[in-house]
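Here's the structure, in structure tokens; my notes come after.
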Amino acid sequence: MVDRGDFLHALETDIKPAFGTSSEALELYITRGIINWGEPIRSVLEYGVILTQQARSGFGLVSVLVEGPPNSGKTALAAQLAKNSDFPFIKICSPDDMVGFSESAKCLQIRKFFDDAYRSELSCILVDNIERLLDYGAIGPRYSNVVLQALLVLLTKQPPKGRKLLVFCTTSRRQVLEEMEMLSTFTAVLRVPNISTCEQLIAVLEETDAFSKSQIAAIARKVANRRLFIGIKKLLGMIEMAKHFDEERRVFDFLTQLEVENFLELGA
Ligand code: ATP
Ligand code: MG
477 MVDRGDFLHA LETDIKPAFG TSSEALELYI TRGIINWGEP IRSVLEYGVI
527 LTQQARSGFG LVSVLVEGPP NSGKTALAAQ LAKNSDFPFI KICSPDDMVG
577 FSESAKCLQI RKFFDDAYRS ELSCILVDNI ERLLDYGAIG PRYSNVVLQA
627 LLVLLTKQPP KGRKLLVFCT TSRRQVLEEM EMLSTFTAVL RVPNISTCEQ
677 LIAVLEETDA FSKSQIAAIA RKVANRRLFI GIKKLLGMIE MAKHFDEERR
727 VFDFLTQLEV ENFLELGA
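Number 737 in full-length UniProt numbering belongs to position 261 of the sequence shown; there are no gaps in the numbering.
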């Protein structure tokens, strides 16, 4: 059983003070910028503006789930939307900062983020990687029901009168959240897909500096009409690696790497 003593203990030992997060802290989650590689990104950024306006002028709470496959860029996009909101109070609630926390300490920490936010007129909270916060394990499957209930309450509760709260959450487990009946609590769900067309790949290559124009044209010819499926985070990592390949073999090695890791369908 958890009693008051446990909470106080957790407060003293587990809970770090939550400092106001400036845009600098948000930058840490957008390490390689946001490349506008196609319609899905444009659409997420656009909806972000609309939802932020709704939070500014509207009914108190606006909560947004940013969901998509692993490595698709959910955290960076959610951080960008938070940054774009320009709200004076922005906090990031990340499971990385709660490693080793007990369930009750996690609940307290999450509560604290929201309590701090309620004190400011315009606040924005980014709850990153919800399934990890819930200790969700695909094998089992198990998760922390205590943390889930705490989050459900905070995601449905209206902030005090006159306060406006914009919450961005990220997950790569939309299905799981649906089963936990969490999905319906969000004001909106934004999908961040993987890169899946040759044009989208080229758009990314053009924004990075690993390949020359003619190399990019060669890649476009090779990739056209082949199945492609890769998250922006993975792709940027592979482009970074390609810079170390020999100039003459760079295109070939890059494409081979995409094939080997199954991101690109084998060529005929
Ligand atoms: P995970 O599934 O591990 O949580 P993720 O989907 O949250 O991964 P991020 O951690 O957001 O992915 O990584 C995306 C990286 O790609 C960041 O470094 C970001 O700066 C960069 N990036 C470039 N263009 C985009 C874009 N259009 N959308 C999102 N991220 C982008
Ligand atoms: Mg992430």
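The C-beta atom is built at its ideal place from N, Cα and C for all residues, glycine as well.
Answer yes or no: the CB of N738 versus the heavy atoms of the ligand MG, is any distance below 7 Å?
Within 7 Å of the C-beta of N738 there is not a single heavy atom belonging to the ligand MG.
Relative to the ligand MG, is the shortest distance from any of its heavy atoms to the C-beta of N605 smaller than 7 Å?
N605: yes, Cβ under 7 Å from the ligand MG.
Is the beta carbon of G549 within less than 7 Å of some heavy atom of the ligand ATP?
Judged by the Cβ position, G549 qualifies as a neighbour of the ligand ATP at the 7 Å threshold, a heavy atom of the ligand being closer than this.
Quick one: what's S539 bridged to in DSSP?
Bridge partners of S539: V643.
Hey, would you say the C-beta of T646 is under 7 Å away from at least one heavy atom of the ligand MG?
Checking every heavy atom of the ligand MG against the Cβ of T646, one is found closer than 7 Å.
Would you say P546 and S648 are within 8 Å of each other, going by their C-beta atoms?
Cβ distance < 8 Å, so P546 and S648 count as in contact.
Go to S499, then tell me how far its beta strand (DSSP E) extends in each direction, as first and last residue.
Careful: S499 lies outside any beta strand (DSSP E), inside the alpha helix (DSSP H) at S499 to E503.
Less than 8 Å between the beta carbons of K567 and A593, yes or no?
Contact flag set, yes.
How about A664 and L527: do their beta carbons lie closer than 8 Å?
Yes, these two residues count as a Cβ contact at 8 Å.
Ends of the beta strand (DSSP E) at S599?
Bounds of the beta strand (DSSP E) holding S599 are L598 to V603.
Between which two residues does the beta strand (DSSP E) containing R667 stretch?
It spans A664 to R667 - the beta strand (DSSP E) in which R667 sits, taken as one unbroken run.
Indicate the three-state DSSP secondary structure (helix, strand or coil) for R650 in the structure shown.
Correct three-state label for R650: helix.
Beta-carbon spacing of residue 793, F644 below 8 Å:
With the chain covering 477 to 744 only, the question about residue 793 has no answer from this structure.
Own chain partners of F721 with C-beta closer than 8 Å, once the 5 adjacent residues on each side are dropped:
Within the same chain, and ignoring the five residues on either side of F721 in sequence, the residues whose Cβ sits closer than 8 Å to its Cβ are D729 and F730.
For the alpha helix (DSSP H) that contains residue 761, what are its first and last residues?
Because residue 761 is not part of the residues shown, which for the chain are 477 to 744, the question remains open.
If N605 and T661 are in contact, beta carbons under 8 Å, what's the gap, nearest whole angstrom?
Going by Cβ atoms, the distance from N605 to T661 rounds to 17 Å, so no, they are not a contact pair.
To the nearest angstrom, report how far apart A696 and G544 are at their CA atoms.
Taking the straight line from one Cα to the other gives about 25 Å.
Continuous beta strand (DSSP E) assignments of at least 3 residues falling wholly in the stretch 530-582:
List check, beta strand (DSSP E) in window: 537-543 and 565-569.
Are the CB atoms of V668 and V520 nearer to each other than 8 Å?
Yes, these two residues count as a Cβ contact at 8 Å.
Taking 7 Å as the cut-off, is the CB of K640 close to at least one heavy atom of the ligand ATP?
Answer for K640: no, Cβ out of range of the ligand ATP.
For C583, which residues in the same chain have their Cβ closer than 8 Å to its Cβ, ignoring the five residues on either side in sequence?
So the qualifying residues of the chain are V622, V623 and A626.
Please tell me whether S672 and L704 are closer than 8 Å, where the distance is taken between their beta carbons.
The answer is yes: Cβ separation under 8 Å.
Helix or strand or just coil, what does DSSP make of L610?
Coil, per DSSP.
Kindly indicate which residue of Y505, E579 and P617 has the alpha-carbon position closest to the one of D479.
Nearest in C-alpha terms to D479, of all of Y505, E579 and P617, is E579.
Helix, strand or coil for L712? Go by DSSP, reduced to three states.
Assignment of L712 by DSSP, reduced to helix, strand and coil, places it in the helix class.
In chain order, what residues of the same chain have a beta carbon less than 6 Å from the beta carbon of I511, not counting five sequence neighbours either side?
Within the same chain, I511 has close Cβ partners V680 and E683.
Report the rounded CA-to-CA distance for L742 versus E716, giving the unit in angstroms.
Distance between the alpha carbons of L742 and E716: 22 Å.
With DSSP collapsed to three states, give me the class of I526.
Correct three-state label for I526: helix.
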